[in-house]
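For reference, the structure is listed below as structure tokens.
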Amino acid sequence: MLELRLVQGSLLKKVLEAIRELVNDANFDCSATGFSLQAMDSSHVALVALLLRSEGFEHYRCDRNLSMGMNLNNMAKMLRCAGNDDIITIKADDGSDTVTFMFESPNQDKIADFEMKLMDIDSEHLGIPDAEYHAIVRMPSAEFARICKDLSSIGDTVVISVTKEGVKFSTAGDIGTANIVCRQNKTVDKPEEATVIEMQEPVSLTFALRYMNSFTKATPLSETVTISLSSELPVVVEYKIADMGYIRFYLAPKIEE
Amino acid sequence: DTKQGNLLAFFKKI
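Line order of the protein sequences matches chains A and B. Going letter by letter, the first sequence gives residues 1432 to 1688 in my numbering. Going letter by letter, the second sequence gives residues 86 to 99 in my numbering.
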């Protein structure tokens, strides 16, 4: 028996909108730790890892570990039927081939349940080792989204370079080139507006903008984004989900031939 | 020239 009651149901709606472009089908894993997901895109270039910790739910019952295969577009269709202020409860019985999403309006005058068919998915789980990153950049998520969108109108790839001076996003295409430098800026009114760079050593890596733009669908989940870079590793683009967990995107770099 | 890296080259399947 599984029963997860999330008062801030809009979080789940936003999570689905953040990942459904990247991944079609995925297994949601439920354990005492929380509600989680790890899935790669079909070309094995990008990976999304989601964790919603059990403590973040108003009620969390998971009698035994359960993996539920879901089509994310279908799940998003159902969650779009929940109001932004609704409380969402996810329910499943052991051995069942369906999951139920229950939506309650804040004043309890409307209760809806949507039952969705589960699917068997052969998922490839990857072990992601803890890593020391050469550079970690934290910046406003909307600013990062704007940069990725702007650069993708010029080129297909972005070079992200971190130096003492700041973080530089560069692209080149048929019509020309573009460079956007964001300097460390801690003297802002609100901490979420700051750009903070922790650098052990300079790093420069090239990534496909198509994937970066897809990651920025998670922007509504968090005011800030953290970009962790190491010269020999995939980049991690992390959006923290307030008090509950995170959504992390990993992207393999472009490599010199 | 660059080519797209693959995550399986960095992380192991478990």
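Where is the CB? At the ideal position from N, CA and C, for every residue including glycine. Just so you know, these numbers come straight off a predicted model, no measurement behind them.
For residue i, the three-state DSSP class (helix, strand or coil)
| i | result |
| --- | --- |
| Phe-1459(A) | strand |
| Lys-88(B) | strand |
| Lys-1690(A) | This structure cannot speak to residue 1690(A), because chain A is shown only from 1432 to 1688. |
| Gly-1487(A) | helix |
| Ile-1450(A) | helix |
| Ala-1470(A) | strand |
| Ala-1649(A) | helix |
| Ala-94(B) | helix |
| Lys-1541(A) | coil |
| Glu-1624(A) | helix |
| Lys-1685(A) | strand |
| Ser-1498(A) | strand |
| Ser-1601(A) | strand |
| Ser-1554(A) | coil |
Reference residue i; option with closest CA among the options
| i | options | result |
| --- | --- | --- |
| Ser-1662(A) | Phe-1466(A), Glu-1687(A) and Glu-1623(A) | Glu-1687(A) |
| Leu-1482(A) | Met-1501(A), Arg-1495(A) and Ser-1462(A) | Ser-1462(A) |
| Ile-1518(A) | Asp-1525(A), Ala-1625(A) and Phe-1534(A) | Phe-1534(A) |
| Met-1630(A) | Arg-1484(A), Val-1479(A), Asp-1494(A) and Ser-1592(A) | Ser-1592(A) |
| Phe-1638(A) | Ile-1611(A), Tyr-1670(A) and Ser-1601(A) | Ser-1601(A) |
| Phe-1646(A) | Glu-1434(A), Lys-1445(A), Leu-1433(A) and Met-1432(A) | Lys-1445(A) |
| Ile-1585(A) | Leu-1640(A), Leu-1447(A), Ser-1498(A) and Lys-1617(A) | Leu-1640(A) |
| Leu-1447(A) | Ala-1477(A), Met-1501(A) and Lys-1522(A) | Met-1501(A) |
| Gln-1473(A) | Phe-1459(A), Arg-1484(A) and Arg-1451(A) | For clarity, residue 1473(A) is Ser in the given sequence; the question names Gln instead. The shortest Cα separation from Ser-1473(A) among Phe-1459(A), Arg-1484(A) and Arg-1451(A) belongs to Arg-1451(A). |
| Lys-1522(A) | Cys-1579(A), Asn-1538(A), Gly-1514(A) and Met-1499(A) | Met-1499(A) |
| Asp-1540(A) | Gly-1526(A), Gly-1514(A) and Asp-1620(A) | Gly-1514(A) |
| Leu-1664(A) | Lys-1599(A), Lys-1648(A) and Ser-1635(A) | Ser-1635(A) |
| Ser-1527(A) | Met-1432(A), Ile-1628(A) and Asn-1538(A) | Met-1432(A) |
| Ile-1658(A) | Thr-1531(A), Ala-1576(A), Ala-1449(A) and Thr-1588(A) | Ala-1576(A) |
| Asn-1409(A) | Lys-1595(A), Asp-1516(A) and Arg-1492(A) | There is simply no residue 1409(A) to check, as chain A begins at 1432 and stops at 1688 in what is shown. |
| Val-1495(A) | Phe-1466(A), Glu-1669(A), Ser-1583(A) and Ser-1554(A) | Reading off the sequence, residue 1495(A) comes out as Arg, not Val. Of the listed residues, the one whose Cα sits closest to Arg-1495(A) is Phe-1466(A). |
| Asn-1505(A) | Arg-1484(A), Leu-1497(A), Arg-1492(A) and Thr-1531(A) | Thr-1531(A) |
| Thr-1588(A) | Thr-1618(A), Ile-1559(A), Leu-1478(A) and Pro-1684(A) | Pro-1684(A) |
| Glu-1632(A) | Ala-1480(A), Phe-1459(A), Val-1568(A) and Ile-1542(A) | Val-1568(A) |
| Lys-1595(A) | Ile-1628(A), Arg-1484(A) and Tyr-1642(A) | Ile-1628(A) |
Span of the alpha helix (DSSP H), counted from its first residue to its last, around residue i
| i | result |
| --- | --- |
| Cys-1613(A) | Premise fails: Cys-1613(A) lies in the beta strand (DSSP E), 1607 to 1613, not in any alpha helix (DSSP H). |
| Tyr-1642(A) | 1640 to 1646 |
| Thr-1575(A) | A small correction: the amino acid at residue 1575(A) is Phe; Thr does not occupy that position in the sequence shown. 1572 to 1583 is the span of the alpha helix (DSSP H), which, as asked, contains Phe-1575(A). |
| Met-1509(A) | 1503 to 1510 |
Presumed contact (8 Å Cβ cut-off) between residue i and residue j, rounded CB distance
| i | j | result |
| --- | --- | --- |
| Phe-96(B) | Leu-1557(A) | 4 Å |
| Tyr-1434(A) | Thr-1529(A) | For the sequence presented, residue 1434(A) should be read as Glu rather than Tyr. Contact flag wrong, Cβ pair sits at about 14 Å. |
| Ala-1457(A) | Ile-1552(A) | 7 Å |
| Gln-89(B) | Val-1476(A) | 6 Å |
| Arg-1679(A) | Val-1667(A) | 6 Å |
| Lys-1648(A) | Ala-1449(A) | 5 Å |
| Leu-92(B) | Leu-1478(A) | 6 Å |
Host beta strand (DSSP E) of residue i (start-end)
| i | result |
| --- | --- |
| Glu-1669(A) | 1666 to 1672 |
| Tyr-1681(A) | 1676 to 1682 |
| Val-1619(A) | Note, Val-1619(A): premise wrong, no beta strand (DSSP E); not H, not E. |
| Met-1432(A) | It is not in any beta strand (DSSP E) - Met-1432(A) carries neither H nor E in the DSSP assignment. |
| Ile-1658(A) | 1655 to 1660 |
| Glu-1588(A) | In the sequence as presented, Glu is not what sits at residue 1588(A); that position holds Thr. Start and end: 1588 to 1594. |
| Thr-1531(A) | 1529 to 1535 |
| Thr-1520(A) | 1518 to 1523 |
beta-carbon residue i near the ligand MG non-hydrogen atom, thresh 7 Å
| i | result |
| --- | --- |
| Leu-1482(A) | As presented, the structure is devoid of all ligands, the ligand MG included, so that no description of it is given. |
Any chain C beta carbon closer than 8 Å to residue i
| i | result |
| --- | --- |
| Val-1667(A) | The displayed structure is made up of protein chains A and B, and chain C is not among them. |
How about the segment 1545 to 1558 of chain A and the segment 1590 to 1607 of chain A: do they share at least three Cβ pairs that are nearer than 8 Å?
no
Quick test of the definition: if touching needs 3 or more C-beta pairs under 8 Å, does the segment 1436 to 1455 of chain A touch the segment 1479 to 1488 of chain A?
yes
Counting Cβ pairs closer than 8 Å, one from the segment 1562 to 1575 of chain A and one from the segment 1645 to 1663 of chain A, do we hit at least three?
yes
Is it a yes or a no for the segment 1557 to 1564 of chain A touching the segment 1508 to 1527 of chain A, going by three-plus beta-carbon pairs under 8 Å?
no
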